[in-house]
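Peer 1: Sharing a structure here in structure tokens format.
Number of protein chains: 2
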Amino acid sequence: MTQPDMPTPPWERPPKRRRPPRVPLSRERIVDAAYAVLDREGYDGLSMRQVAAELHVAVSALYVHVRDKDELLRLMYNRLFDGYELPDPDPEHWREQLRNFARQGRKRLLSHRDMAKISMAHIPFTPELLPHVERLLAMFVAAGLPKKVVAIAGDLLSTYMDGFVLEESLWRDRYPESGGAAPEKMREEIQGYFASLPPDRFPNLVELADVMVDESNDYRFELGLEIILRGIASYVGEPDD
Amino acid sequence: MTQPDMPTPPWERPPKRRRPPRVPLSRERIVDAAYAVLDREGYDGLSMRQVAAELHVAVSALYVHVRDKDELLRLMYNRLFDGYELPDPDPEHWREQLRNFARQGRKRLLSHRDMAKISMAHIPFTPELLPHVERLLAMFVAAGLPKKVVAIAGDLLSTYMDGFVLEESLWRDRYPESGGAAPEKMREEIQGYFASLPPDRFPNLVELADVMVDESNDYRFELGLEIILRGIASYVGEPDD
DNA sequence: TTGAGTTTCTGAACACTGTTCACCAATAAC
DNA sequence: GTTATTGGTGAACAGTGTTCAGAAACTCAA
């Protein structure tokens, strides 16, 4: 039995701050943990229980701070845009500015596993993202595009980024031998497969086997981006009708 | 107790063909049922158990014909292309041909609920789909495009179709009051929201509120498609380098 | 017709999932 | 120092994909 008024001697007392000061949960910490789980387990492995385990906490504790798994995913999506600065629109260099915007977007989407899947499932019209949308619109306006094009060009570009990165990650998932010469092997296999098709029935696939596979994803992204930008540029100066 | 050797009298025997002749399961029937469930319950409600229930069959019976839920989804994806005929390439009218291709694709994606979600998760390079890819490539070749553009233009177009329809359905899900004046109400609400933003911080959003929302999805799809086609067309005649 | 063999389907189980709810502990307010 | 309020617990519920021993139905040869 402990004597209530006696001081506990140092060797009895566990080292100071035995129980860590219980830094409380918060949306921020939950999102951090969710990203950790996402990177480790992928989108399908991202469960509330895994997130809770990452924080050494019971599942139900999460629901104090977050209504849903949907809300958690929305918070993760929002973070995608943190510190995503768009420059002031420069009418002289709007194409290069948009190129940079798209490159930066792709880089962000690639920075977390399966991020494109999450991005694809959300519309960038939540209040937190509106300043972003506004600045993007400003760049199209500065370029001298007609209203109707301004109104959809941002969507077009975003869809391209999301879709491209999503497809990148689909291929990656098919060849999960992470690291090493996996991409090399993948290239060879796919190229060999295309090249081995009957040339009478698939002349173009056989012919294009090398160029379809040889080019890096970076190159393909840039080319697709350039196609879209040329298409948009073709509207510069057209009246609003 | 039944007497084993006595014939059962007619009034005892249930009416002829009591038990229906047990049309056996097949991949086709399973995919049919899966589509029925998809249209009724949406992608999140599409479970193996629901599909089994649709067929009045135990869940585990499905696994005799189908390895995975993944395989089932792949079969559903494949069916998207059934009877999806591409015309012979006509160098004079390749743009109109591609427009039709995209329109038809969107129509198919819209013909089943959440179909775009399934389509987005698959790469159109399964053996069954290669003839399709081949014909699409042929159209780009006929248009006189350089190899590198041919190699990615199909992807670009498919990504656009999938992404556009997916976004359409995301909006639809946000306003699930099916039928009636729901789209009207949606338009008004969104437009009102954009218009109500502080004009000093969001001048472009406020300015463009009407044109961003007023236009029908059909119109927006056509415009985005036209942008991409113009971009592609800008490469006609360029050398393969 | 009988019987063997193969295919197809069943029911139960396993290990998960998201979400809720009564309860308990720690903190903040008076 | 006692009371609220908030944050966290553990168990439970209904649902998920998938597997597996065994029963039922079909096929085909004797």
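Residue numbers (my numbering), protein chains in the order written: chain A, 1 to 241; chain B, 1001 to 1241.
The beta carbon of each residue, even a glycine, is placed where N, CA and C say it ideally should be.
Since the structure is predicted, the reported quantities are computational estimates derived from the model, not experimental observations.
1) Write down every uninterrupted run of the alpha helix (DSSP H) in the stretch 85-170 of chain A whose length is 4 residues or greater and which is fully enclosed by it, in chain order.
2) Counting only beta-carbon atoms, is Met120/A nearer than 8 angstroms to chain B?
3) How is Val1031/B classed by DSSP in three states: helix, strand or coil?
4) Could you say which of Thr1159/B, Ser1216/B, Arg1187/B lies nearest to Ile1228/B if we only look at CA atoms?
5) Flag Met1076/B as yes if its beta-carbon sits less than 8 angstroms from any beta-carbon of chain A, otherwise no.
6) Taking the beta carbon of Arg108/A as the centre, do at least 16 other beta carbons fall within 10 Å, making it buried, or is it exposed?
7) For Ile1123/B, count the other beta carbons within 10 Å of its own beta carbon; 16 or more makes it buried, fewer makes it exposed. Which is it?
8) Under 8 angstroms between C-beta atoms, does Phe202/A make it to chain B?
9) According to a CB-to-CB cut-off of less than 8 angstroms, which residues of the stretch 1128-1144 of chain B neighbour chain A?
10) Just to make sure I have the definition right: I need the residues of chain A whose C-beta is within less than 9 angstroms of the C-beta of Thr1159/B. Which are they?
11) Identify, in the order they occur along the chain, each residue of the same chain with its Cβ nearer than 8 angstroms to the Cβ of Ala36/A, setting aside the five sequence neighbours on each side.
12) Tell me whether the beta-carbon of Leu242/A lies closer than 8 angstroms to the beta-carbon of Ala52/A.
13) Helix, strand or coil for Pro21/A, going by three-state DSSP, please let me know.
14) Tell me where the alpha helix (DSSP H) around His1065/B begins and ends.
15) My output table needs one value for Val213/A: the three-state DSSP class, helix, strand or coil.
16) Specify, as a first and last residue, the run of the alpha helix (DSSP H) that Arg49/A falls within.
17) Taking Pro31/A as the query, report the chain B residues whose CB atoms sit under 7 angstroms from its CB, ordered along the chain.
18) Just the C-alpha distance for Ser1111/B and Val1165/B, rounded to the nearest angstrom, thanks.
19) Of all Cβ atoms in chain A, is any one closer than 8 angstroms to the Cβ of Val1236/B?
20) Measure the CB-CB distance between Asn1204/B and Leu137/A and report whether it falls below 8 angstroms.
21) Buried or exposed: Lys185/A, going by 16 or more other Cβ atoms within 10 Å of its Cβ?
22) List, in chain order, every chain A residue whose beta-carbon is nearer than 8 angstroms to that of Leu1073/B.
23) I'd like to know whether the C-beta atoms of Val213/A and Arg187/A end up nearer to each other than 8 angstroms.
24) Nearest by alpha-carbon distance to Asp1162/B: which of Ser1047/B, Tyr1077/B, Ala1034/B, Asp1070/B is it?
25) Rounded to whole angstroms, what's the CA-CA distance from Ile232/A to Arg1079/B? Just pull it up for me.
26) When you compare each of Gly1192/B, Pro1024/B, Glu1167/B to Phe1221/B by their alpha carbons, which one comes out closest?
27) Under the rule that 16 or more other beta-carbon atoms within 10 Å means buried, what is Tyr1219/B, buried or exposed?
28) Would you check if the distance between the CB atom of Asp1088/B and the CB atom of Gly1042/B is smaller than 8 angstroms?
29) List, in order along the chain, the chain A residues whose C-beta lies closer than 8 angstroms to that of Gly1231/B?
30) Along the chain, where does the alpha helix (DSSP H) containing Asp70/A start, and where does it finish?
31) May I ask you to report which of helix, strand or coil DSSP gives Arg1201/B?
32) Whole angstroms are fine: how far does the CA of Phe81/A sit from the CA of Ser1308/B?
33) Apart from the five residues just before and just after Leu130/A, which ones in its own chain have a Cβ nearer than 6 angstroms to its Cβ?
34) Starting from the beta carbon of Arg1108/B, find every residue of chain A whose beta carbon is closer than 9 angstroms, and list them in chain order.
35) Can you pull out the residues from the stretch 1209-1223 of chain B whose beta carbon lies closer than 8 angstroms to at least one beta carbon of chain A?
Peer 2: The structure says:
1) 94-110, 115-120, 130-142
2) yes
3) helix
4) Thr1159/B
5) no
6) The residue is buried, with at least 16 neighbouring Cβ atoms inside 10 Å.
7) By the 10 Å Cβ count, Ile1123/B comes out exposed.
8) Judged by the 8 angstroms Cβ criterion, Phe202/A is in contact with chain B.
9) Leu1130, Pro1131, Val1133, Glu1134, Leu1137, Ala1138, Val1141
10) In chain order: Thr159, Tyr160, Asp162, Gly163, Phe164, Leu166, Glu167, Gly224.
11) Glu54
12) Residue coverage of chain A in this structure runs from 1 to 241, which leaves residue 242/A outside it and unanswerable.
13) Only weak support exists for where Pro21/A lies, its pLDDT of 49 falling under 50; the coordinates are left without a value.
14) His1065/B -> alpha helix (DSSP H) spans 1059-1065.
15) In this structure, Val213/A counts as helix in the three-state DSSP scheme.
16) Run containing Arg49/A: 48-54, per the alpha helix (DSSP H) assignment.
17) Residue identity check: residue 31/A is Val in the sequence provided, not Pro. Under the 7 angstroms cutoff, chain B gives no residues; its nearest Cβ is about 22 angstroms from Val31/A.
18) 11 angstroms
19) Closer than 8 angstroms: no.
20) yes
21) exposed
22) Result: empty, since nearest Cβ-Cβ is about 13 angstroms, beyond 8 angstroms.
23) yes
24) Tyr1077/B
25) 34 angstroms
26) Glu1167/B
27) exposed
28) No. Outside cutoff.
29) Glu226, Ile227, Ile228, Leu229, Arg230, Gly231, Ile232, Ser234
30) 69-79
31) Residue state, collapsed to three classes: coil.
32) The structure shown does not extend to residue 1308/B, since chain B spans only 1001 to 1241, so no value can be given for it.
33) none
34) Within chain A, no residue comes near Arg1108/B; the closest Cβ sits about 17 angstroms away, beyond 9 angstroms.
35) Among the residues of the stretch 1209-1223 of chain B, those with a Cβ less than 8 angstroms away from any Cβ of chain A are Val1211, Met1212, Glu1215, Arg1220, Leu1223, in the order of the chain.
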